[in-house]
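**Q** Residues are numbered in our numbering as their position in the sequence shown, beginning at 1, plus a constant of 216. Here you go, one structure.
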Amino acid sequence: MKRKLPALLCGLLLFAAADAQIAKQRVVLIDVETDAQGPSITLRWNNVAGVTGHSVVRKEVNNWGWQPLKILGAQDTVFTDTTVEIGKIYEYYVQRQISTTYLYGFVATGIEIPEIHYRGEVFIALDSALNAAIPEKLTEFYTTLVGDGWRVHPVVISSSWGVVQVKDTIKKWHLINPHRHNTLLLFGDIPVPYSGNLNPDAHPDHLGAWPSDVYYGEFAANWTDANNYPGATRPENVNLPGDGKFDQTSIPGELKLQIGRVYLDNLTLFGLTRDSLYTRYLTKDIAYRMNEWNVPRRALIDDALGALGGEYPGRNGFQNGNALFGAENTITAYDTFIKILRTEPYLFSHASSTGGYTSNKQLNSSMFKTATYSVFQTSFGSYHGDWDINNNLLRAEIAGPGYGLTAVWAGRPQWHFLHMTMGAPIGFSANVTQNNFIDGNHQTYDPGYGAGWVHVALMGDPTLRLHAMSPAKNATATTISNNDQVSLAWDASDDTTVIGYHIYRSDTLFGIWNPVTQVPVNSLTYTDIHPLKGNNWYMVRAVKLESSQGGTYYNMSQGVFSSAHAANGDGTLLGTDLANARIRVYPNPGTGIFHLELPATVSGNVLVFDMTGKAVFEATAQSNMIVNLTQLRSGIYLIRVGEYSEKIVVQP
């Protein structure tokens, strides 16, 4: 279907006057306070003139539906929720009514959210030339992903492949385990899908097919190629029947993957080889994860579009800055945006104004030849959301020598990064943004114009998180006793708030990692009395109770690694492949009573192991059964039935 804005808005996009405060006033600015003793969560928001009422609404992080909590008066600016549980992530929005206008603020919050040991598996669609050119740097990057709890599945993509073959390969991998195979990184010159007849920047010459990485993450619909959309000026946007560009303008079904793309080809302005650009990106990515930059937790916003005919697209910068860091740490630039970022680091930034493929009013691609210091970048303006073009602004933002690691075109639609304040990777926020209002349904957040359309894309690594912390150092593993134990030692993290360290074990660096500690150890040594027979790889990760704008959660550093060979070890590697579970256990985490659902073909015994490999429960397998583990102390366990395994958490 043809999508366009009224002519008035198209003109305003070109000529609107700037006033950042106008956009800021369209957001309910919320601060969060959590109390573990209650437990309770308190929201406080700013007061403005002309308000006729407020409403507070809540949902849990993985649910679609919102539940109203309280209707409040015009002067009310505080609400305390005492119906919360420790260990759960909640999302809230406060709706403000001014006459017939409704304004919103969104936050994610929680109290003492448990650490995440395993984040899933990331499919890395890898440019074949880069695989041959920079193998050492890629291996370093893969190791870094393992160190944050990911399993890595790199697949070399031949230059001869088209988008359909790439998607078929991704889909087969995803369907092996839809829950765990959850993230996709397109790295290098990977084929770009085009789809639709859209111009979310409202320019008639730009109406046609746009780059559509969402195609790679939607597996249920039939993507057709039959419509005739010949009017675009740029040949890549022309969409004709049978040309390999799809018809869909709206995402036709739920995206199942968290998708990001690192595409640094065709950035000739930098004057560097492609291998150098990709190597530099990975070096930056690793440095950020190791907390070598130690970037202040704050946002910088410069909106030069103001009201834009009542749309206020720049409000997205203020909404995300507030959700991530609070109102006090969200700074307005007032036309000094790039000057500030040349010398002062910010974790998040947003610049919105009129623009082109390689620029907007505040930025142009050439500026990123010199270092700028914003990690997670958003921008808005005409044309440059269509990123598959030489020297595009979004791609230049992550290619330079500074801190840029991700970039998105935010404003049409509104992006929602609130989950990152509670430890989620940016790919999670990309996924919920893309799934917001898909096919006209499932509107979960403030959508903005263009919500649910195929152009919504993340440039950068989707596994990156907001709160890097300093890792442990210099891990060493040594066989002791009669080659049947391993002594592990390491140097402390530079972070003085660390409460301890988790230890993990595997038989290979890129294999299955089992936690061997149920709670963090508060020393700098650990003895594994039941190592695996043969090779033992160990990973040490520092743990802290992270306090953020949203609340508190147990954060972990990148892992550091060492290995030892225990010729007489008697331990067991738990799980043939934890990423290939075919059983369902719920609730998980739980307090001891678990429902277990098994495939009809499974028989034998149900076994539960603690993290030392000791069997602590055994029963005859049934297709639907209750597993009673109330006699066990809280911690992490592994339930195994035949070849199938699943990690479970017993809570107090």
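Positions of the beta carbon are idealized from the N, C-alpha and C atoms, including for glycine. Keep in mind that this is a model prediction, so the values were computed, not measured.
Over what stretch of residues does the alpha helix (DSSP H) that includes residue 849 continue unbroken?
**A** Note, residue 849: premise wrong, no alpha helix (DSSP H); not H, not E.
**Q** In three-state DSSP terms, what is residue 474?
**A** Strand.
**Q** Please determine, among 584, 529, 538, 586, the residue with the shortest C-alpha to C-alpha distance to residue 570.
**A** The shortest C-alpha separation from residue 570 is found at 529.
**Q** DSSP three-state label for residue 225, please.
**A** Any reading at residue 225 is ruled out, since the residue's pLDDT is 35, under 50, leaving its predicted position unreliable.
**Q** Helix, strand or coil for residue 726 per DSSP?
**A** Of the three classes helix, strand and coil, the one that applies to residue 726 here is coil, per DSSP.
**Q** Okay, do the region 747-766 and the region 681-692 touch, 3+ Cβ pairs below 8 Å being the bar?
**A** Because the criterion of three Cβ pairs below 8 Å is met, the region 747-766 and the region 681-692 touch.
**Q** Nearest-angstrom Cα distance between residue 247 and residue 638?
**A** C-alpha separation (whole angstroms): 14 Å.
**Q** Tell me the DSSP bridge mates of residue 782?
**A** Note: residue 782 sits in a beta bridge opposite 750.
**Q** May I ask you to list the residues that DSSP assigns as paired with residue 418?
**A** Per DSSP, none; premise fails for residue 418.
**Q** Please report the residue range of the alpha helix (DSSP H) in which residue 388 lies.
**A** Counting along the chain, the alpha helix (DSSP H) containing residue 388 begins and ends at 379-392.
**Q** Taking the C-alpha atoms as reference points, what is the distance between residue 850 and residue 734?
**A** When rounded, the distance between both Cα atoms is 8 Å.
**Q** How many Å lie between residue 792 and residue 861 at the Cα?
**A** At residue 792 the pLDDT is 43, less than 50, meaning the model places this residue with poor confidence; the figure from the coordinates comes in the next sentence. So the two alpha carbons sit approximately 7 Å from each other.
**Q** To the nearest angstrom, report how far apart residue 456 and residue 445 are at their CA atoms.
**A** Taking the straight line joining both Cα atoms gives about 6 Å.
**Q** Does the region 701-712 come close enough to the region 741-753 that 3 or more CB-CB pairs lie under 8 Å?
**A** Yes, since at least three Cβ pairs between the region 741-753 and the region 701-712 fall closer than 8 Å, the two stretches touch.
**Q** Can you check the region 487-562 for any alpha helix (DSSP H) of at least 4 residues that lies completely inside it and give the ranges in chain order?
**A** Listed in chain order, they are 490-505, 531-541, 553-559.
**Q** Less than 8 Å between the C-beta atoms of residue 540 and residue 515, yes or no?
**A** Closer than 8 Å, so yes.
**Q** Reducing DSSP to helix, strand and coil, say where residue 792 ends up.
**A** Low per-residue confidence applies at residue 792: pLDDT is 43, beneath 50, and the placement is therefore not dependable, though the value from the model is reported in the following sentence. Note: residue 792 maps to coil in three-state DSSP.
**Q** Taking the alpha carbon of residue 403 as the reference point, which residue from 377, 680, 385, 373 has its own alpha carbon closest?
**A** When each option's Cα is compared against that of residue 403, the closest is 373.
**Q** Touch check for the region 629-643 and the region 607-620: three-plus C-beta pairs under 8 Å?
**A** In short, these stretches do not touch, since the Cβ pair count stays below three.
**Q** Can you give the Cα-Cα distance for residue 555 and residue 857, rounded to whole angstroms?
**A** Their Cα atoms are separated by approximately 60 Å.
**Q** Please list, in chain order, all residues of the same chain as residue 654 whose beta carbon is under 8 Å from its beta carbon, the five residues on each side excluded.
**A** Taken in chain order, the residues that qualify are 466, 467, 468, 469, 470, 471, 668.
**Q** Going by alpha carbons, who is nearest to residue 767 out of 264, 302, 864, 283?
**A** For the residues 264, 302, 864, 283, the minimum Cα distance to residue 767 belongs to 302.
**Q** Taking C-beta to C-beta, are residue 479 and residue 346 nearer than 8 Å?
**A** Taking 8 Å as the Cβ cut-off, residue 479 and residue 346 do not qualify as a contacting pair.
**Q** With respect to the alpha helix (DSSP H) encompassing residue 461, which residues constitute its N-terminal and C-terminal limits?
**A** Neither: residue 461 is in no alpha helix (DSSP H) and is coded neither H nor E.
**Q** Are residue 750 and residue 781 closer than 8 Å when you measure CB to CB?
**A** Yes. Within cutoff.
**Q** Measuring straight from C-alpha to C-alpha, what distance separates residue 381 and residue 563?
**A** Roughly 37 Å between the two C-alpha positions.
**Q** When you compare each of 263, 806, 325 to residue 640 by their alpha carbons, which one comes out closest?
**A** Comparing Cα-Cα distances from residue 640 to each of 263, 806, 325, the minimum goes to 325.
**Q** Per DSSP, what kind of secondary structure is residue 344 in: helix, strand or coil?
**A** If DSSP states are grouped into helix, strand and coil, residue 344 belongs with the helices.
**Q** Tell me whether the region 275-288 and the region 594-606 touch, counting them as touching only if at least three CB pairs, one residue from each stretch, are closer than 8 Å.
**A** No, they do not touch.
**Q** Please classify residue 841: does DSSP put it in a helix, a strand, or coil?
**A** In the structure shown, residue 841 sits in a strand (DSSP, three-state: E or B).
**Q** If we ignore side chains and look at the alpha-carbon of each, how far apart do residue 847 and residue 532 end up?
**A** Distance between the alpha carbons of residue 847 and residue 532 is about 49 Å.
**Q** Give the straight-line distance between the Cα atoms of residue 585 and residue 483, rounded to the nearest whole angstrom.
**A** Distance between the alpha carbons of residue 585 and residue 483: 11 Å.
**Q** Quick one: any contact between the region 448-463 and the region 416-434, if contact means 3 or more CB pairs under 8 Å?
**A** At 8 Å Cβ cutoff, the stretches touch.
**Q** Sort out for me which residues DSSP pairs residue 685 with in a bridge.
**A** None; residue 685 has no bridge partner.
**Q** Less than 8 Å separating the beta-carbons of residue 491 and residue 350?
**A** Contact: yes.
**Q** Can we say the region 303-318 touches the region 255-274, given the rule of at least three CB pairs closer than 8 Å?
**A** Because the criterion of three Cβ pairs below 8 Å is met, the region 303-318 and the region 255-274 touch.
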